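Single-structure report; data block below.
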Amino acid sequence: MRDRIRGFARLPRERLAASERNWREHDEKQRSVLRAYLDSIGVAGAAVAWVADDEARALLRENPFEPWLAGYGGTFTLIDGHMRREEIAVVPTLVTDLDKPEADELLLTFDPIGQLAKRNETLLGELIASTPRREGGVALLDELMKFTGRRERRKGRREEERSVVGFVVLVECDSEDHQLEVIGRLMGEGLRCRALT
Numbered sequence: 006m007r008d009r010i011r012g013f014a015r016l017p018r019e020r021l022a023a024s025e026r027n028w029r030e031h032d033e034k035q036r037s038v039l040r041a042y043l044d045s046i047g048v049a050g051a052a053v054a055w056v057a058d059d060e061a062r063a064l065l066r067e068n069p070f071e072p073w074l075a076g077y078g079g080t081f082t083l084i085d086g087h088m089r090r091e092e093i094a095v096v097p098t099l100v101t102d103l104d105k106p107e108a109d110e111l112l113l114t115f116d117p118i119g120q121l122a123k124r125n126e127t128l129l130g131e132l133i134a135s136t137p138r139r140e141g142g143v144a145l146l147d148e149l150m151k152f153t154g155r156r157e158r159r160k161g162r163r164e165e166e167r168s169v170v171g172f173v174v175l176v177e178c179d180s181e182d183h184q185l186e187v188i189g190r191l192m193g194e195g196l197r198c199r200a201l202t
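Structure representation (C-alpha cells):
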C-alpha cells in the first residue's frame, strides 16, 4: 500500500485554495457547530491538500518534505478542510502527492466512506451519558446531537412507516439538555430511542 502523505505543515489559510469541485455545502448551522468545537476543544485534526503545480508535485515526490516545503512558495489545493480554512488562520495540513484525478476521487469519496459506518447504539449512548456538558455558551455535544438527531429522526420516520412498534414509553423532559441526558442513559442500557420535538 502506498503512503501518499508526503508531510505535515501548518499553513496560513492564504496558501490553501478551495477545490473548484468541492461538492460539500456548509450552512451556518454547521459552521456554528464547528466554532463550538474549536472553542471547546481547539484544533485537533488536519486538513488534506494536494499540489496542483505539476513540476512542484514531481519535486515533492522526489525530495524530502521539509526542504521541498522550504523552497515551495505556491499554494495547496484542499481536498478536506474547506470550512476549517474559513474559521482558523493557520491550518494543520497533510500534504499529499496526489495528482488531479486522484485528488478528485478522494474529494468525491472522503466523507461518504465514513458515512458507511454503522452505529453501536449502546456505546454511543454510554459516550453521550459520560461526556460532560460545558457551562456557558453553546455545548458542542448538544449541538452535534441536534444536528445528527435531525438526520436520525428522518431515518427513524422512514423505518417507522415500514414497521409496527409493539410498546412505547414517552418520557417528558424539562429541557433539551435533560432530553439528551435521558436518551444517553437509555441508549447506554441498549434501548432503542429517539428524540421527539
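Number 175 in the working numbering belongs to position 170 of the sequence shown; there are no gaps in the numbering. Here a beta-carbon is modelled for each residue, glycine too, at the ideal position from N, C-alpha and C. Since this is a predicted model, take the numbers as computed values, not measurements.
{"Query": "Residue from E177, E92, R66, D116 with nearest C-alpha to R9", "Result": "R66"}
{"Query": "A108 burial status per 10 Å Cβ neighbour count (16 or more: buried)", "Result": "buried"}
{"Query": "A54 and L83 closer than 9 Å at C-beta", "Result": "yes"}
{"Query": "Distance, R199 Cα to T127 Cα", "Result": "13 Å"}
{"Query": "Limits of the unbroken beta strand (DSSP E) element including I10", "Result": "10-17"}
{"Query": "Per-residue burial, Q120 [other beta carbons within 10 Å of its own, 16 or more giving buried]", "Result": "exposed"}
{"Query": "Reference A61, options E91, Y77, P97, closest by Cα", "Result": "Y77"}
{"Query": "Spatial distance of V169 from Q184 (CA atoms)", "Result": "Its pLDDT being 47, under 50, V169 is placed unreliably by the model, and the measurement read from it follows with that caveat. Their Cα atoms are separated by approximately 24 Å."}
{"Query": "Nonlocal neighbours in the same chain, by C-beta distance under 7 Å from S24, ignoring five residues either side", "Result": "T82, L83, I84, L112"}
{"Query": "Beta-carbon separation (whole angstroms), E131 vs G193, contact threshold 8 Å", "Result": "4 Å"}
{"Query": "First and last residue of the uninterrupted beta strand (DSSP E) at I84", "Result": "81-85"}
{"Query": "Start-end ranges of the alpha helix (DSSP H) lying completely within the stretch 31-61, minimum 4 residues", "Result": "33-45"}
{"Query": "Backbone CA spacing between C178 and I188 [nearest angstrom]", "Result": "10 Å"}
{"Query": "Straight-line Cα distance separating R190 from D58", "Result": "52 Å"}
{"Query": "Beta bridge counterpart(s) of L99 as assigned by DSSP", "Result": "F13, V53"}
{"Query": "Coarse secondary structure for L21, derived from DSSP in three states", "Result": "strand"}
{"Query": "Where D116 falls: helix, strand or coil (DSSP)", "Result": "helix"}
{"Query": "Through-space distance from A63 to R15, alpha-carbon basis", "Result": "21 Å"}
{"Query": "For T98 and L175, believed in contact at Cβ under 8 Å, the rounded distance", "Result": "Between T98 and L175 the Cβ distance is about 48 Å, and since that is not below 8 Å, they are no contact."}
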